[in-house]
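Asks: The listed protein sequences derive, respectively, from chains A and B. If you read the first sequence in the working numbering, its first letter stands for residue 1, the second for the next number, and so on. If you read the second sequence in the working numbering, its first letter stands for residue 287, the second for the next number, and so on. Mind looking over this structure? Questions follow.
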Amino acid sequence: MALYGWMLLAPALILLITFAFIPAFETVWASLYSKGTLRRPSHFVGVENYLSLFSDPAFRKVVTNNLIYAGITIPVSIAIALGMALWANAQIIGRGFVRAAYFTPTMLPMIAAANLWLFFYTPDLGVIDRITALFGFPSVNWLGQQETALYSVIAVTIWKEAGFYMIFYLAALQTISPELREAATVEGAGRWTYTRRVVLPLLAPTTMFVLVNALINSVKLIDHLFILTKGGPDNASKLILYWVWEMAFAYFDTPQAATMTTLILVVLGIVAAVQFAVLERRVHYR
Amino acid sequence: MSTVTAYAPPRRLFSLPSLDTLGAWLLAIVWVSPLVFAVWAAFHTPEGALSFKLNAPLTLENFRVAWDAAPWPRYFLNTTLLVTVILIGQLTLCTLAGYAFARFRFPGRDAIFILVLLQLFILPEVLIVENYVMISRLGLFDTILGIGVPYMASAFGIFLLRQAFKSVPQELEEAARVEGCGWFGVLWRVYVPAAWPTYLAYALVSVATHWNNFLWPLIVTNSTNTRPLTVGLSLFGATESGVNIGVISAATLMVIAPLFFGFILFQRQFIQAFLRAGIR
């Protein structure tokens, strides 16, 4: 029995070890070594890479950007997703179209989504500038200036993600028994009270699930940067993973990339630990 | 539903839903507008597209130019091969592993399961640098298998199938055993058919994910013979940038068309699939 068990697990385990655990350890290891050159081969430097990373202004800029990116995309896309789900679950005319419209961006590759938005952001000719011009606002180079580049990227992410999270809320809403609504109505609760006091608490586990997904996405969703801004202008919209990609595959500075990756792994590890702890507590409750 | 409305005060029935409908439709229109504009731009000349005149002449020229400008048939083939290879790998590996976690007892099983779950957080996207080294070491650089193999032992898939197998009644397994099935017979005749909806859901999610994946394929491909559609589209946009909105729109629409029409046709199943795969 045990032998069979291990035999069945073996193929998946070998791939997991090869493409998740060994690379993770190698990343940490590589972060402790210097960059090898022809004259001076790579050697152990301890935490030196971390010190040089922390003193790099670009590092601080990129981390700040990613914190802003996460800090805005996560709550806003979750709030929009919740609103979408409540509407997509309500009895409204053309519900099928509304649902499909909300969900459509989820089906698109991020690269394609970025292409679509490129035309919205084009100065003068783009759709956004055409609309703001109607109200007499001047043209704005949304992607090309420091003040707006990051926020323009954030808008695309929210547009892409909200519909995906809506699906989970929609699923949860459909499990809420209609009797709860009847009871609330009999008690004289208005729609707002019912939503706030009955629906939202019941959606809490879904919110937890969506929150973890959104957190992970705020680290890994960087495809649109390749089309929209390439991290510019002057690092204004650069996110951590894009920076890692650039370090490793444009500047060939593997130790710096490994150092940054190690920090990402630590953060994701903390997220994992928190989620497992929460799940554990929920299990004990029941 | 009718019982609910019976209790509601009649005035609210008429005024509030219309406000909801208005809001819902407004948001829906904002949400599809980038796509609508791409369609508009793709079927018009650049002047026509930017004039926003409804009677501007329609043209297919953009599609012709876009189609001739890149090896799209090859990209389509690559992406199709890629999602197929990944799906076959995932279904095989995750079925075996999920079965082991659901129905076999052996020392260390639960510890290993935690390790598997940890992979939900050690994303392949984060390990691009070392995975690139690993793929090159294995001689898989610039191959379809090289793009797909890091995703095959999907923790998500293992977890889903384990849950699905656990909910299969033990009596079914015992009946199969009485009829002389070995562990593989039980798996093939009892568990796989019982978990069919989960397989369908997982397959849809997997195909949609990998049809759209970009960063990792960008890193491990180096030639037309392996590049998937997303990487091809990004290169296309890069060379044509600022040249012609219509042509880029046309190319973008071509890339998203198969998945998009698949979604329109199977909308209900698709959303159900995401629901089932996402919740527990």
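Virtual Cβ for every residue (Gly too), placed ideally from N, Cα, C.
Using 10 angstroms around the beta-carbon of V244/A, count the other beta-carbons present and answer buried if the total reaches 16, otherwise exposed.
Replies: buried
Asks: Put L379/B into one of helix, strand or coil per three-state DSSP.
Replies: helix
Asks: Find the residues of chain A that neighbour Q555/B, judging by a C-beta separation of less than 7 Å, and give them in chain order.
Replies: Correct list: empty, because the minimum Cβ distance to chain A is about 13 Å.
Asks: Between G459/B and chain A, is any beta-carbon pair separated by less than 8 Å?
Replies: The residue you asked about is not Gly; residue 459/B is Glu in the sequence shown. Chain A, which has no Cβ nearer than 8 Å to the Cβ of E459/B, makes this no.
Asks: Can you tell me whether A481/B sits near the ligand COA, meaning its C-beta is under 7 Å from at least one heavy atom of the ligand?
Replies: Annotation note on the ligand COA: not contained in the displayed structure, which lists no ligands.
Asks: Just to confirm, are V62/A and N235/A a CB contact at a threshold of 8 Å?
Replies: yes
Asks: Taking all protein chains shown into account, do 16 or more other C-beta atoms lie within 10 angstroms of the C-beta of Y251/A, making it buried, or fewer, making it exposed?
Replies: exposed
Asks: I'd like the list of long-range same chain contacts for P296/B, defined as Cβ closer than 7 Å, with 5 residues on each side in sequence excluded.
Replies: Any reading at P296/B needs caution, since the residue's pLDDT is 44, under 50, leaving its predicted position unreliable; the model's value is listed next. Hits under 7 Å: none found.
Asks: Is the number of C-beta pairs between the segment 446-460 of chain B and the segment 470-489 of chain B that are closer than 8 Å three or more?
Replies: Look at the beta carbons and you see the segment 446-460 of chain B touching the segment 470-489 of chain B: at least three pairs across the two are nearer than 8 Å.
Asks: What do you get for W87/A, buried or exposed, if any count of 16 or more other CB atoms within 10 angstroms of its CB means buried?
Replies: buried
Asks: Could you give the DSSP three-state label for L221/A: helix, strand or coil?
Replies: Three-state result, L221/A: coil.
Asks: Give a yes or no on whether 8 Å exceeds the smallest Cβ distance from Y285/A to chain B.
Replies: Because Y285/A sits at a pLDDT of 44, beneath the cut-off of 50, its placement in the model cannot be relied upon, and the following sentence gives the value as read from the coordinates. Chain B contact via Cβ: absent.
Asks: How big is the Cα-Cα spacing for L346/B and F547/B?
Replies: 19 Å
Asks: Tell me, please, whether the CB atom of A20/A is closer than 8 Å to any CB atom in chain B?
Replies: yes
Asks: If we require 4 or more residues per run, which alpha helix (DSSP H) segments fall completely within the segment 369-454 of chain B?
Replies: Within the segment 369-454 of chain B, the runs of alpha helix (DSSP H) that reach at least 4 residues and sit entirely inside it are, in chain order, 395-404, 414-423, 430-434 and 441-452.
Asks: I want to see whether chain A comes within less than 8 Å of V402/B, judged by CB atoms only; does it?
Replies: So yes, V402/B belongs to the interface.
Asks: Would you call the segment 108-127 of chain A and the segment 505-525 of chain B touching, i.e. three or more CB-CB distances under 8 Å?
Replies: They touch, by the three-pair rule.
Asks: Determine the closest residue to V198/A out of I264/A, G71/A, I176/A and F164/A, with distance taken between C-alpha atoms.
Replies: The shortest C-alpha separation from V198/A is found at I176/A.
Asks: Does the pairing of the segment 409-418 of chain B with the segment 35-42 of chain A give three or more beta-carbon distances under 8 Å?
Replies: No, they do not touch.
Asks: Using a Cβ-Cβ cutoff of less than 6 Å, which residues in the same chain neighbour A536/B once the five nearest sequence positions on both sides are dropped?
Replies: A328, N348, F349 and A352
Asks: Would Y437/B and P393/B be called neighbours here (beta carbons separated by less than 8 Å)?
Replies: no
Asks: Output the residue ranges of the alpha helix (DSSP H) runs that lie fully inside the segment 203-247 of chain A and measure 4 residues or longer, sorted by chain position.
Replies: Taking only runs of at least 4 residues, the alpha helix (DSSP H) segments lying wholly in the segment 203-247 of chain A are 204-220 and 223-228.
Asks: Return the CA-CA distance between A258/A and E459/B, expressed in angstroms with no decimal places.
Replies: In a straight line, the C-alpha of A258/A is about 48 Å away from that of E459/B.
Asks: For a contact defined as C-beta to C-beta under 8 Å, what are the partners of D306/B on chain A?
Replies: W87, A90 and I92
Asks: In the structure shown, what three-state DSSP assignment does Y33/A receive?
Replies: strand
Asks: Taking C-beta pairs closer than 8 Å, name the residues in chain C that P11/A reaches, listed in chain order.
Replies: The chain inventory of the structure shown lacks chain C, comprising the protein chains A and B.
Asks: When you compare only the Cα positions, how much space is there between V371/B and F209/A?
Replies: 29 Å
Asks: Taking only beta carbons into account, state which residues of the segment 141-157 of chain A come closer than 7 Å to chain B, listed in chain order.
Replies: none
Asks: Where G384/B and L377/B are concerned, what is the direct C-alpha to C-alpha distance, given to the nearest angstrom?
Replies: 10 Å
Asks: What are the boundary residues of the alpha helix (DSSP H) that includes V464/B?
Replies: Q456 to V464
Asks: Are G232/A and A149/A closer than 8 Å when you measure CB to CB?
Replies: Their beta carbons are under 8 Å apart, which means G232/A touches A149/A by this criterion.
Asks: Under 8 Å: do the segment 449-469 of chain B and the segment 333-340 of chain B share three or more Cβ pairs, one atom per stretch?
Replies: no
Asks: Ordered along the chain, which non-local residues of its own chain (more than five positions away) have a Cβ less than 6 Å from that of N508/B?
Replies: D428
Asks: Decide yes or no for the touch test of the segment 179-187 of chain A against the segment 89-101 of chain A: beta carbon pairs closer than 8 Å, at least 3 of them.
Replies: no
Asks: For M247/A, count the other beta carbons within 10 Å of its own beta carbon; 16 or more makes it buried, fewer makes it exposed. Which is it?
Replies: buried
Asks: Return yes when the Cβ of I80/A is within less than 8 Å of the Cβ of A162/A, no when it is not.
Replies: yes
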